[in-house]
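20 is the number of the first residue of the sequence shown in our numbering; add one for each residue after it.
The beta-carbon is built from N, C-alpha and C at its ideal position, and this holds for glycine as well.
Worksheet: the structure to be examined is printed underneath.
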Amino acid sequence: MADTRSENILTMVGIKKSFGSHSVLKGIDLSVNRGEVVAIIGPSGSGKSTLLRCINMLEEIDDGSISIKGEFLVKDGSYADKSKAKKILSEIGMVFQQFNLFPHMTVMENLLEAPMQVKKLSKQEILPLAKEILQKVGLVDRANFYPAQLSGGQQQRVAIARALAMRPEIMLFDEPTSALDPELTGEVLKTMRELAAEHITMVVVTHEMDFAREVAGKVIFMAEGNIVEQGEPKEFFLNPREERTRAFLSRML
Numbered sequence: 020m021a022d023t024r025s026e027n028i029l030t031m032v033g034i035k036k037s038f039g040s041h042s043v044l045k046g047i048d049l050s051v052n053r054g055e056v057v058a059i060i061g062p063s064g065s066g067k068s069t070l071l072r073c074i075n076m077l078e079e080i081d082d083g084s085i086s087i088k089g090e091f092l093v094k095d096g097s098y099a100d101k102s103k104a105k106k107i108l109s110e111i112g113m114v115f116q117q118f119n120l121f122p123h124m125t126v127m128e129n130l131l132e133a134p135m136q137v138k139k140l141s142k143q144e145i146l147p148l149a150k151e152i153l154q155k156v157g158l159v160d161r162a163n164f165y166p167a168q169l170s171g172g173q174q175q176r177v178a179i180a181r182a183l184a185m186r187p188e189i190m191l192f193d194e195p196t197s198a199l200d201p202e203l204t205g206e207v208l209k210t211m212r213e214l215a216a217e218h219i220t221m222v223v224v225t226h227e228m229d230f231a232r233e234v235a236g237k238v239i240f241m242a243e244g245n246i247v248e249q250g251e252p253k254e255f256f257l258n259p260r261e262e263r264t265r266a267f268l269s270r271m272l
């Protein structure tokens, strides 16, 4: 059986994004293969989160191309029509710094909402998968709890489960542990490690250097809207080529 993990699943070419006169992304090229975990690191204000938000149209780019599984979401700055964009975006799950759960819904209801509303699946169709995913993130016993009854780490694991319930091809994580106390960070990273072990495609903006070093297949260092350096974790952390990378890592490690 052919190994599909060498298959390109996300391609970004020449991505530019400005807010007013401030250029945030200055021509980013990024390629992600199926089953790959890509960690994006760098100082605050380097454009990491903006890049992630451009992948699923939370921010619109000014120029460049983005394709998912060979389908263009945007080509040379022009976006696909609404129905095609919606179809492409349904392949992407995103987990934010803040958990963004629906506070008036139980954990299970949070998982059921998007598949029922967006994919028009019945509750009966999605329920087995939702239970399976809650089992995966270790929260099946919290199915009928409300977000306010959970710890921050549990809420973030529900947010991961909710994204997985849409069966996305790619999972995006924007600093998923930055709002958590250190003791709660570990349980979220454990869940993410388990997803990586299942070869789920992940692009992770993170300040957790151990996660980047141990779990990622590729580490990207961004600064001032550019990719300064990228490579396999071992080489990247042991022998960074660029002075800016070395300076950043000396502060972080």
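Using DSSP with H/G/I as helix, E/B as strand and the rest coil, what is residue i?
| i | result |
| --- | --- |
| residue 149 | helix |
| residue 193 | strand |
| residue 237 | strand |
| residue 171 | helix |
| residue 113 | strand |
| residue 23 | Because residue 23 carries a pLDDT of 48, less than 50, the predicted location of this residue cannot be relied on, and the following value inherits that uncertainty. DSSP places residue 23 in helix when its eight states are reduced to three. |
| residue 30 | strand |
| residue 255 | helix |
| residue 49 | strand |
| residue 105 | helix |
| residue 242 | strand |
| residue 44 | strand |
| residue 118 | coil |
| residue 99 | coil |
| residue 63 | coil |
Between residue i and residue j, is the Cβ-Cβ spacing less than 7 Å?
| i | j | result |
| --- | --- | --- |
| residue 84 | residue 51 | no |
| residue 263 | residue 247 | yes |
| residue 29 | residue 87 | yes |
| residue 120 | residue 159 | no |
| residue 180 | residue 130 | yes |
| residue 115 | residue 174 | no |
| residue 164 | residue 126 | yes |
| residue 216 | residue 56 | no |
| residue 228 | residue 272 | yes |
| residue 241 | residue 61 | yes |
| residue 256 | residue 232 | yes |
| residue 149 | residue 184 | yes |
| residue 12 | residue 53 | Because the chain is modelled from 20 through 272, residue 12 falls outside the range shown and cannot be assessed. |
| residue 244 | residue 63 | no |
| residue 75 | residue 124 | no |
| residue 210 | residue 156 | yes |
Return the first residue and the last residue of the beta strand (DSSP E) that residue i is part of.
| i | result |
| --- | --- |
| residue 91 | 90 to 94 |
| residue 59 | 56 to 60 |
| residue 273 | There is simply no residue 273 to check, as the chain begins at 20 and stops at 272 in what is shown. |
Between residue i and chain B, is there a C-beta pair that is closer than 7 Å?
| i | result |
| --- | --- |
| residue 268 | The structure shown has no chain B; it contains just one protein chain. |
Kindly indicate the opening and closing residues of the alpha helix (DSSP H) around residue i.
| i | result |
| --- | --- |
| residue 134 | 126 to 136 |
| residue 260 | Segment: none, residue 260 is in no alpha helix (DSSP H) and carries neither H nor E. |
| residue 139 | Unbroken run through residue 139: none, as it is neither H nor E. |
| residue 161 | Element bounds for residue 161: n/a, residue is neither H nor E. |
| residue 68 | 67 to 74 |
Determine, using beta-carbon pairs with one atom in the stretch 166 to 173 and one in the stretch 96 to 109, whether at least three such pairs fall under 8 Å.
no
Do the stretch 218 to 226 and the stretch 55 to 68 meet, that is, are 3 or more Cβ pairs less than 8 Å apart?
yes
Does the stretch 72 to 86 come close enough to the stretch 29 to 47 that 3 or more CB-CB pairs lie under 8 Å?
With the cut-off at 8 Å, the stretch 29 to 47 and the stretch 72 to 86 touch.
Could you name each continuous alpha helix (DSSP H) segment of 4 residues or more that falls completely within the stretch 187 to 234, going from the start of the chain to the end?
201 to 216, 228 to 233
Specify whether the stretch 199 to 206 and the stretch 129 to 143 touch according to this definition: at least 3 beta carbon pairs, one from each stretch, less than 8 Å apart.
no
Do the stretch 189 to 199 and the stretch 139 to 157 touch if we need at least three Cβ pairs shorter than 8 Å?
no
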